[in-house]
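K.L.:
Numbering (full-length UniProt numbering), first residue to last: 1 to 498. Note that the Cβ used here is the ideal one computed from N, Cα and C, for glycine as well. As the structure is a prediction and not an experimental result, all values here were calculated from the model. Right, I'll just put the structure down here and ask away after.
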């Protein structure tokens, strides 16, 4: 069987490559100390610098929205501390605060950009101010632009939606979504109807270090946001589009494998009957006879926790030996995403609940290495020449760090409430046990402020102290980039502008 291919915008097709889980990087680091403009403040091995587009030295603007001018009596001590920090930074390296993308790419180091969509280019409905112009300018500068998205949907249609928002279609080299990789996993499923999850894998699964999938699946889906159909992977007798398997010569009841590498999928609604679990959405469960049954997120999480607990109990009763709980394939690993003025819960919230309960999880997008390997193949560039642009520390930044790719972190996305509203205490990214809507209004206002600062506002206005705490939460298991004392974004900006 030949390895599946990934398509670029110009129609070229490239083979999938072997993926290693060694690059994975979950969360955390030491806090940043607030830095003054054009100097470096260092704290616990991590430093922050501010890059300014102005050639003249600043006369008093602060890099942190919470930083204040020192009292006269402490001015000398502050200056000495800043000088010492700057000297330390010369050998430590550090995070750089920038006002726009042009400051980052001026060095000529980067040949390609991996662009997240939601929270960077647009809010799910309209583009952020300056984002369309930044894309056009980056393409005009000779950079290869590739959309990398934790979307449950397939890649087709993404460029149409971006073009409808005003983004120049010709600026993009292609699109890779986690939903597209999930499609390839399901379409190339190599196990037979009788093969349980965890049997030997071939094709796409084997090439990417993924477990083989059985036939019976419980499917967590969308409802209001539009269900994802599994018909392309199901036999006609199950309501799908695959030919029904014909009986083998030796048995009138034993079907032969279908062209997709195994008998078509069969939907079940009892997790105890499932060979594997599949999460495209967080609003419903797909029904065997067609359609979906609306189910609240908390109830879906309970179903997963109970299934993991049952597997653990069964193993304990058998002296520690027993079948593991079925694997959960997550088509969109994001915990939340922006949608207009709201934050919406994503399938990553289900993955977090199942993993904590002892379940096995396969992430088809960021931060797993699979999607970064696919992007590098489409662009034909090594990691050292790529820059990943995203708004999620847990997914965009952690995933890129694990893949050895530099990052431009956009503070005005899902973390905007914490980083651009410093008067509020830092909050954990919602999703594990709280609703995303709880912070929607604040996040929307902060995101607007990120790309539409008040007249006369000085440079980047990111609360670096809070940023350090968030990095400590989300990047603590990441390996720092060469020359850096701690894991953190390479560059930080308020919004994606040129």
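Determine, for residue 409, whether the minimum Cβ-Cβ distance to residues of chain C falls below 7 Å.
P.N.:
You won't find chain C in this structure, because it holds only one protein chain.
K.L.:
Cα-Cα, which of 345, 301, 367, 286 is closest to residue 116?
P.N.:
Translated into positions along the chain shown, residue 116 becomes position 116. Of 345, 301, 367, 286, the residue nearest in Cα terms is 367.
K.L.:
Return the CA-CA distance between residue 281 and residue 330, expressed in angstroms with no decimal places.
P.N.:
Position 281 of the chain shown, counted from the first residue, corresponds to residue 281. Position 330 of the chain shown, counted from the first residue, corresponds to residue 330. The straight-line gap from Cα to Cα measures roughly 9 Å.
K.L.:
Return yes when the Cβ of residue 273 is within less than 7 Å of the Cβ of residue 505, no when it is not.
P.N.:
The shown model of the chain, from 1 to 498, leaves out residue 505, and the question about it has no answer.
K.L.:
Who are residue 286's beta bridge partners in DSSP?
P.N.:
As a working note, residue 286 is residue 286 in the chain shown. Answer is 292, bridged to residue 286.
K.L.:
Under three-state DSSP, which class holds residue 384?
P.N.:
For the purposes of this step, residue 384 is identified with residue 384 of the chain shown, where counting begins at 1. Helix, per DSSP.
K.L.:
My assumption, with CB atoms under 8 Å, is that residue 409 sits in contact with residue 491. Please give the rounded CB distance.
P.N.:
Position 409 of the chain shown holds residue 409. Position 491 of the chain shown holds residue 491. Their Cβ separation, rounded to whole angstroms, is 7 Å, which keeps residue 409 and residue 491 in contact under 8 Å.
K.L.:
Quick check on the burial criterion: 16 or more other C-beta atoms within 10 angstroms. Buried or exposed for residue 347?
P.N.:
In the chain shown, the residue the question calls residue 347 occupies position 347. By the neighbour-count rule (16 or more Cβ atoms within 10 Å), residue 347 is buried.
K.L.:
How long is the line joining the alpha carbons of residue 305 and residue 311, rounded to whole angstroms?
P.N.:
Here residue 305 refers to the residue found at position 305 of the chain shown. Here residue 311 refers to the residue found at position 311 of the chain shown. Their backbone Cα atoms lie some 10 Å apart in a straight line.
K.L.:
Identify which residue in 387, 316, 315, 285 has its Cα closest to the Cα of residue 103.
P.N.:
On the chain shown, residue 103 is found 103 positions in, with the first residue counted as 1. Measuring from the Cα of residue 103, the nearest candidate turns out to be 387.
K.L.:
Can you grab the Cα-Cα spacing for the pair residue 371 / residue 181, in whole Å?
P.N.:
Reading the chain shown from its first residue, position 371 is the one you call residue 371. Reading the chain shown from its first residue, position 181 is the one you call residue 181. Straight-line Cα distance between these residues: approximately 8 Å.
K.L.:
Determine the direct distance from the alpha carbon of residue 228 to that of residue 192, and round the result to whole angstroms.
P.N.:
Here residue 192 corresponds to residue number 192 of the chain shown, with the count starting at 1. Here residue 228 corresponds to residue number 228 of the chain shown, with the count starting at 1. Bear in mind that a pLDDT of 37 at residue 192, under 50, signals an unreliable position, so the model cannot answer this.
K.L.:
Which same chain residues end up closer than 7 Å to residue 165 when comparing Cβ atoms and leaving out the 5 residues on each side of it in sequence?
P.N.:
Position 165 of the chain shown, counted from the first residue, corresponds to residue 165. If we look at residue 165 and ignore the five residues flanking it on each side, its Cβ neighbours are 122, 126, 127.
K.L.:
On the three-pair Cβ rule with 8 Å, is the segment 390-403 touching the segment 352-369?
P.N.:
Touching, yes.
K.L.:
Check each candidate in 172, 151, 153, 488 and name the one with the smallest Cα separation from residue 406.
P.N.:
The residue given as residue 406 occupies position 406 in the chain shown. Here the closest residue by C-alpha is 488.
K.L.:
Please list the terminal residues of the continuous alpha helix (DSSP H) segment that includes residue 373.
P.N.:
For the purposes of this step, residue 373 is taken as residue 373 along the chain shown, with counting starting at 1. Unbroken alpha helix (DSSP H) run through residue 373: 369-379.
K.L.:
If I follow the unbroken alpha helix (DSSP H) through residue 303, where does it start and stop?
P.N.:
The residue you call residue 303 lines up with position 303 of the chain shown. Element bounds for residue 303: 297-317.
K.L.:
Taking all protein chains shown into account, decide if residue 283 is buried (16 or more other Cβ within 10 angstroms of its Cβ) or exposed.
P.N.:
What you label residue 283 is simply residue 283 of the chain shown in a count that begins at 1. The residue is buried, with at least 16 neighbouring Cβ atoms inside 10 Å.
K.L.:
Exposed or buried, what is residue 321 when buried is set at 16 or more other beta-carbons lying within 10 Å of its beta-carbon?
P.N.:
Stepping through the chain shown from its first residue, residue 321 is reached at position 321. Burial call: exposed.
K.L.:
Quick one: residues in its chain with C-beta nearer than 7 Å to the C-beta of residue 403, no 5 flanking neighbours on either side, listed in chain order?
P.N.:
Stepping through the chain shown from its first residue, residue 403 is reached at position 403. Closer than 7 Å at Cβ, skipping near neighbours: 23, 369, 372, 383.
K.L.:
Take residue 120 and list the residues in its own chain whose beta-carbon comes closer than 7 Å to its own, dropping the five residues that flank it on each side.
P.N.:
As a working note, residue 120 is residue 120 in the chain shown. Cβ neighbours of residue 120 beyond the five flanking positions: 389, 390, 391, 410, 413, 496.
K.L.:
Use the C-beta contact count for residue 221: other C-beta atoms within 10 angstroms, 16 or more gives buried, fewer gives exposed.
P.N.:
Your numbering for residue 221 matches position 221 in the chain shown. By the 10 Å Cβ count, residue 221 comes out buried.
K.L.:
From residue 72 to residue 419, what does the alpha carbon distance come to, in whole angstroms?
P.N.:
As a first step, residue 72 must be located in the chain shown, where it is residue number 72. As a first step, residue 419 must be located in the chain shown, where it is residue number 419. Because the pLDDT at residue 72 is just 38, under 50, the model does not fix this residue reliably, and the value given afterwards should be weighed accordingly. Near 28 Å, if we compare the C-alpha coordinates of residue 419 and residue 72.
K.L.:
Would DSSP call residue 224 helix, strand or coil?
P.N.:
Your numbering for residue 224 matches position 224 in the chain shown. In this structure, residue 224 counts as coil in the three-state DSSP scheme.
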